[in-house]
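Novice: Structure incoming, see below.
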Amino acid sequence: MTEAIGRIADPALRKEFDNVRRDLHRRFGHLLTEEAIDEVLAHEITTQVASAKIKTFLPTLVERETVAKLEESITAAGGDATARQEILFVCRRDAGRSQLASSITKFHAGEGVIVRTVGLKATEHGANIGAEGVEFEAHRQEVYPEVIAALEEKGYPTHFEQMNLVPRTVHRSDVIVLLGVQDIPGVPGKRYENWDIVDPKGKSLEEVRAIRDQLEEQILQLLKEMNITVNA
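The sequence shown begins at 1 in the UniProt record's numbering and counts up by one.
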């Protein structure tokens with residue numbers, strides 16, 4: 001959290017601005033330093049908070065203005081200001097299919113795409129509601145050892161990032177891939193893919209290898225459709 005965000009008195013608004021900051025770093029972190037992004041964001045927060053009469057839409061306004069200025073800065077320096085696309089992989093426990101998919105995607109696309117994962121556990125009174133009204137709570141377990149073994153034997157990364165996702169109006173994943181689940185997470189997406197992938201929980205290493213290879217085939221096709229360069 002930056003100093004500018006820390007000065008916000010309202011804790012809910014402060015959290016919204018911190019989420020905006022995280023999104024900006026994901027989108028532009030491959031092109032700009034953390035300090036450069038934070039400096040522009042801090043200026044917009046200070047400017048907009050000082051003049052705003054209604055604070056409800058401040059995070060939205062600040063994000064839009066910050067994005068415009070970051071893109072202008074990148075373009076002026078001769079760079080491509082197009083923000084990285086994002087893929088969100090969704091499975092039941094964020095311990096098998098989503099982690100396989102995340103690792104394979106990062107291996108093939110590198111910094112060319114943002115990858116996030118989430119596990120969903122259906123609840124009667126969940127905290128978040130998806131696009132289709134499905135209630136859920138973020139749910140995750142330790143990554144299965146067979147999944148780790150199947151990734152390591154092909155040299156895929158095994159630095160797993162399991163996190164809670166915060167539903168936001170502005171931020172939208174470019175593609176949300178549902179891996180053997182029907183529930184839609186409470187974060188918006190521009191495009192949805194529903195892949196019939198077997199849950200690796202309790203499966204042998206040989207079976208997990210087959211799941212890994214099926215995912216790799218479908219991920220490579222998805223990256224091609226998204227015009228994302230695949231590492232040789």
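Using N, Cα and C, we set each Cβ at its ideal position, and we do this for glycine too.
Looking only at its chain, what residues have a beta carbon closer than 7 angstroms to the beta carbon of Arg172, apart from the 5 residues adjacent to it on each side?
Specialist: Taking the sequence shown and counting its residues from 1, one reaches residue 172 at position 172. These residues qualify, in order along the chain: Pro188, Gly189, Lys190.
Novice: Pull up the distance between the alpha-carbon of Ile228 and that of Lys106, whole angstroms please.
Specialist: If you number the sequence shown from 1, residue 228 lands on position 228. If you number the sequence shown from 1, residue 106 lands on position 106. Distance between the alpha carbons of Ile228 and Lys106 is about 12 angstroms.
Novice: Select from Asp38, Val49, Asp199, Thr33 the residue whose C-alpha is nearest the C-alpha of Glu3.
Specialist: Taking the first residue of the sequence shown as 1, we reach residue 3 at position 3. Checking every option, the nearest Cα to that of Glu3 belongs to Asp38.
Novice: Find out if the Cβ-Cβ distance for the pair Phe17, Leu70 is shorter than 8 angstroms.
Specialist: To locate residue 17, count along the sequence shown from 1; it is residue 17. To locate residue 70, count along the sequence shown from 1; it is residue 70. Result no, Cβ atoms of Phe17 and Leu70 do not sit closer than 8 angstroms.
Novice: Please tell me whether Glu142 and Ala95 are closer than 8 angstroms, where the distance is taken between their beta carbons.
Specialist: Looking up residue 142 in the sequence shown gives position 142. Looking up residue 95 in the sequence shown gives position 95. Their beta carbons are under 8 angstroms apart, which means Glu142 touches Ala95 by this criterion.
Novice: Please classify Phe57: is it buried, with 16 or more other beta-carbons within 10 angstroms of its beta-carbon, or exposed?
Specialist: Here the question's residue 57 lines up with position 57 in the sequence shown. By the 10 Å Cβ count, Phe57 comes out exposed.
Novice: With three or more C-beta pairs closer than 8 angstroms as the rule, is the region 196 to 209 touching the region 77 to 84?
Specialist: Contact fails: fewer than three Cβ-Cβ distances are below 8 angstroms.
Novice: Might you give, ordered along the chain, the residues of its own chain that have their beta carbon closer than 7 angstroms to the beta carbon of Ala149, omitting 5 neighbours on each side?
Specialist: The residue you call residue 149 lines up with position 149 of the sequence shown. Here the set comprises Leu205.
Novice: For my contact list, residue 233 and Arg97 are in at a C-beta cut-off of 8 angstroms; report their separation, rounded to the angstrom.
Specialist: Any answer about residue 233 is impossible in this case: the structure gives the chain only from 1 up to 232.
Novice: I'd like to confirm the pairing. Which residues does DSSP put opposite Gln85 in its beta bridges?
Specialist: Walking along the sequence shown from the start, residue 85 turns up at place 85. For Gln85, which the question treats as bridged, DSSP gives the partners Val113.
Novice: Kindly indicate the opening and closing residues of the alpha helix (DSSP H) around Leu205.
Specialist: Here residue 205 corresponds to residue number 205 of the sequence shown, with the count starting at 1. It spans 205 to 225 - the alpha helix (DSSP H) in which Leu205 sits, taken as one unbroken run.
Novice: My output table needs one value for Asn231: the three-state DSSP class, helix, strand or coil.
Specialist: Residue mapping note: residue 231 aligns to position 231 of the sequence shown, counting from 1. Asn231 falls in the coil class under three-state DSSP.
Novice: Who are the Cβ neighbours of Ile176 in its own chain at under 6 angstroms, not counting the five residues just before and after it?
Specialist: Numbered from 1 along the sequence shown, position 176 holds the residue referred to as residue 176. So the list reads Leu88, Gly189, Tyr192, once near-sequence residues are dropped.
Novice: Could you check the C-alpha separation between Thr123 and Thr47 for me, to the nearest Å?
Specialist: As a position in the sequence shown, residue 123 is number 123, starting the count at 1. As a position in the sequence shown, residue 47 is number 47, starting the count at 1. The pLDDT assigned to Thr123 is 42, lower than 50, so where the model puts this residue is not dependable, and the model offers no usable value.
Novice: With 16 as the cutoff for other CB atoms within 10 Å, does Pro59 come out buried or exposed?
Specialist: For this step, residue 59 is matched to residue 59 along the sequence shown. Looking at its Cβ environment, which holds 16 or more other Cβ atoms inside 10 Å, Pro59 is buried.
Novice: Going straight from the alpha carbon of Met226 to that of Thr33, what length do you get?
Specialist: As a first step, residue 226 must be located in the sequence shown, where it is residue number 226. As a first step, residue 33 must be located in the sequence shown, where it is residue number 33. If you take the alpha carbons of Met226 and Thr33, they lie about 26 angstroms apart.
Novice: May I ask which residues mark the beginning and end of the alpha helix (DSSP H) holding Leu58?
Specialist: Translated into positions along the sequence shown, residue 58 becomes position 58. Leu58 -> alpha helix (DSSP H) spans 58 to 76.
Novice: Along the chain, where does the alpha helix (DSSP H) that runs through Glu152 open and close?
Specialist: Along the sequence shown, read from residue 1 onward, the residue named residue 152 stands at position 152. From DSSP, the alpha helix (DSSP H) with Glu152 extends over 145 to 152.
Novice: Using a 10 Å radius around the Cβ and a threshold of 16 neighbouring Cβ atoms, would you call Thr117 buried or exposed?
Specialist: In the sequence shown, the residue the question calls residue 117 occupies position 117. So Thr117 counts as buried.
Novice: Going along the chain, which residues of its own chain have a beta-carbon closer than 6 angstroms to the beta-carbon of Asp10, five neighbours each way excluded?
Specialist: Taking the first residue of the sequence shown as position 1, residue 10 is located at position 10. Same-chain partners within the cutoff: there are none.
Novice: What's the gap between the Cα of Gln182 and the Cα of His25?
Specialist: One-based indexing of the sequence shown puts residue 182 at position 182. One-based indexing of the sequence shown puts residue 25 at position 25. The alpha-carbon atoms of Gln182 and His25 are separated by roughly 30 angstroms.
Novice: Of the choices Asp174, Val40, His159, whose alpha-carbon is the least far from that of Ser73?
Specialist: Position 73 of the sequence shown, counted from the first residue, corresponds to residue 73. Of the candidates Asp174, Val40, His159, the one whose C-alpha sits nearest the C-alpha of Ser73 is Val40.
Novice: Going along the chain, which residues of its own chain have a beta-carbon closer than 7 angstroms to the beta-carbon of Val90, five neighbours each way excluded?
Specialist: The residue you call residue 90 lines up with position 90 of the sequence shown. The answer, listed in chain order, is Ser98, Val118, Leu120, Ile176, Val177, Leu178, Leu179, Val181, Pro185.
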